[in-house]
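With mature numbering (1 follows the signal peptide of the UniProt record, and there is no 0) as the guide, the letters of the sequence shown map in order to residues -16 to -1, 1 to 457.
Ideal Cβ placement from N, Cα and C applies to all residues, glycine included.
These figures come from a predicted structure and were not determined experimentally.
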Amino acid sequence: MLPLALFLATATLACARRPVAPALALRRSPPPPPETSEATPPADARRSLIALRISTGLVALALSLVVLSPTPALIGAVGADKATSMLQWVAAASAGTEVLLSPIVGALIDALGRKPMLVCATGALALAQALVACTSSVGALLLSQFASSMLIGVFMLSAAAATADLLVATPARLATESAVGMTVLTAGFAVGVPLSSMLPQRLTYTYGVSAALSLAGAAALSVSLGETLAPELRRPFDARVALRTPIACTRLFGASRRLALLSALLALQVLPFFTTDVLQVHALEAWRMGNAERTRLFTFVGASSVGANGLASALIRRLGLRDFTALAGVSHALYWAGVSHSGGAALLLALPTMLGGARSLGVSTLVTAEGTRAGLRQGQLAGDRANLFALVKVVGPIVYAQLYARGKAIGLPQLPFVLNAVLMLAAAMLSYRLLPTGADGNASADEAAAAAAAPTRARGRLRALRERFGRGR
């Protein structure tokens, strides 16, 4: 993890030393028309957005009801060390599958549309949870963990593409809707985690209710969601995309320099997402937290994310995209510093550092906007971005678990959390350096003037070099 993080930070800083034309450089030639469906009436668009919000909330609620169930169940069945190893390898296996499937899913939803994939992913999630409700075996738990981790990625990929279909022409609305979607997602987790402690503590009940909620989400999508991809924008599925899947995210780094910088920063911001299993084990073993205390911790974390995404739109308008993203990164660094200290500090800082939950919102929105300007289709863009997340997800759980084991051996089990604090501080510094100052993600007047003057300055330096070497001869 440390070499990967250092590589991302170093590469991004190295590229950032050269002046970046924040938004103007991509506008010298007319940008391709955004891939939105002009045939979609506003009323249908609103109905589709509402259906996406409802299904997202139901899926989040379904997953949150069982998010704390597998770890204690596996520890009780096979022991803490073996359970940790099983969870890390299941997470890595699901991420590896996601690496291979994300670009294929992106190509499929560009060919078939967004709705079929959303309905299928939600229905498959219900089946995986129903399997545990019926059997409650270790194998069923691991299979459900694998399927849930993979299918939520497919669901979010398709939902992001559907939202971008409707709103990519207005980046400010896209950012606002993304914040609303994340608020619904985190609110589902914030409600579901404490609700799970009120249910009978048997896998049959918790997973049964979870399966029913997932099935309700699939039904809501089937009935209320309209297809957001216009027929004229569909592209035939190209089977050759499977040959590029392991490294499909390289298209993000090759489409434009600005998109490459934003993608590297986004990868750095999402690394701490994959510390959840290690944090649960640490809470059980080092902090000796019972089920009620663990529930309180993750409830506070969920509530802070709800608050962060709820405030994001207003704060971005007030502070600007760059300052908000940097502030959110510093907030998240402080949270992980608290986790590194003690469980009490983690509980105390969960709400004051709530902005950290929205740290990647601005960069993710800019990746969508810049990818569209660079000519990437929404499905392809969502698939490549998910491929990038999945590559990080492959490395993250394994290395975090190894860091935790190494830290325990030397008396520093909080080593993964110290790393997260350092990474988030680095991400905050990078975002302040790289992002434009405008609240809408566009360049300010000074930045636009600097971008316009950059080619003239470059030609002047080249002319001076030619004259200098010409006189030398």
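Alpha-carbon to alpha-carbon, residue j and residue i
i	j	result
V378	V74	10 Å
P54	A358	42 Å
A374	R302	33 Å
G340	V122	34 Å
V152	L217	14 Å
N293	M101	26 Å
L414	F258	21 Å
L127	I34	31 Å
A393	L387	10 Å
S78	S194	20 Å
L419	V351	11 Å
L360	A108	29 Å
S288	R343	12 Å
Q364	G90	5 Å
C233	M182	42 Å
K99	A76	28 Å
L96	D149	14 Å
P220	I93	10 Å
L213	A146	7 Å
V383	P215	44 Å
P87	G137	12 Å
residue 460	E277	Nothing about residue 460 can be reported from this structure: the residues present for the chain run from -16 to 457 only.
S348	V285	21 Å
R417	L345	17 Å
Q113	G192	7 Å
T309	T190	37 Å
M273	R242	45 Å
8 Å Cβ shell around residue i - same chain, five flanking residues per side excluded
i	result
P256	H316, W320, N404, L407 and M408
L332	G322
S326	W271
R37	V164, G165 and V168
L158	T147, A148, L151, V152, T349, T352 and A353
T279	L52, V177, P178, S180 and S181
Endpoints, alpha helix (DSSP H) assigned at residue i
i	result
F401	L399 to L418
V122	V122 to L151
S69	A64 to L96
V51	Element bounds for V51: n/a, residue is neither H nor E.
L387	Q362 to A393
W320	L305 to H325
F257	Segment: none, F257 is in no alpha helix (DSSP H) and carries neither H nor E.
F221	Neither: F221 is in no alpha helix (DSSP H) and is coded neither H nor E.
T212	It is not in any alpha helix (DSSP H) - T212 carries neither H nor E in the DSSP assignment.
S348	L345 to R357
G238	T234 to A239
Own chain, CB closer than 6 Å to residue i, minus 5 neighbours either side, in chain order
i	result
G176	L45, S48 and L49
G210	D28 and S32
A411	L252, Q253 and G313
V103	A202, L205 and S206
Q72	P381, I382 and A385
L199	A110
Cβ-based neighbour list, residue i, same chain, cut-off 7 Å, excluding 5 preceding and 5 following
i	result
T283	A174, V177 and P178
A61	V122
R186	none
T81	M134
E269	A64
L299	F308
V262	Y384, A385, Y388 and P400
F130	V74, A77 and S78
Min CB distance residue i to chain B below 8 Å
i	result
H266	In the displayed structure, chain B is absent; only one protein chain is listed.
Residue i Cβ short of 7 Å to the ligand SAM heavy atom set
i	result
A296	The ligand SAM is absent from the structure shown, which contains no ligands of any kind.
- In chain order, which continuous runs of the alpha helix (DSSP H) of length 4 or greater are located wholly inside the segment 250 to 301? As far as the segment 250 to 301 is concerned, its whole alpha helix (DSSP H) runs of at least 4 residues are 260 to 269.
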